[in-house]
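Peer 1: Have a look at this one.
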Amino acid sequence: MIDAALLYQARRVNIAFQEQGFDPDINYGEQQPGGAIYDNTKLFNGLSLNVVAGYKLWRGLKAGIGVEPTVYFNTKAKANLEDNKFDIPLVVKVGYDFNWFQVDLSYKNGFKRIYWNHVVGNTETRDLQLSIFVPIFK
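Take 16 as the starting number for the sequence shown in this note's numbering and just add one per residue.
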């Protein structure tokens, strides 16, 4: 799958410097099955809320686990035999907070197929995402 997302992160505390905390994100993304056969497929638009409970491991290093409830729109794509509109993927994150920016690596594992047909097969959401957060005001 090809995945693009517009992300906004609202944080009241920086969990890298807390013993534990929560890291909520609101995401709007689009996913499209790749490949020459399905180049004209409609995009799967989705809106998700990422909630991760994090723990400080060492200095700026942190890790967390959580869920990302997602609602999908436009799931009636070309040759799609599934019509799942909702999924709650499991999210695992690791990151490091430097002085002026933060780098996070997260893995998302969905449990429902959002696209299926006889050629493509099952396509549960599995995303690996690298995020770099640069605060506007520090």
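In this text, a Cβ means the ideal position worked out from N, Cα and C, and glycines have one as well.
Are the beta-carbon atoms of V106 and G125 separated by less than 8 Å?
Peer 2: In this structure, the beta-carbon distance from V106 to G125 does not fall below 8 Å.
Peer 1: Mapping the DSSP letters down to three states, classify W73 as helix, strand or coil.
Peer 2: Strand.
Peer 1: Between which residues of its own chain and Y122 is the CB-CB distance below 6 Å, once the five residues before and five after are set aside?
Peer 2: V107, L143
Peer 1: Assuming D119 and S146 make a contact with CB atoms under 8 Å, what is their CB distance in whole Å?
Peer 2: 4 Å
Peer 1: Which term fits I129, buried or exposed, when burial requires 16 or more other beta carbons within 10 angstroms of its beta carbon?
Peer 2: buried
Peer 1: Can you tell me whether A104 is buried or exposed, with buried defined as 16 or more other CB within 10 angstroms of its CB?
Peer 2: Looking at the sequence shown, residue 104 is not Ala but Pro. With 16 or more other CB atoms across the displayed protein chains lying within 10 angstroms of its CB, P104 is buried.
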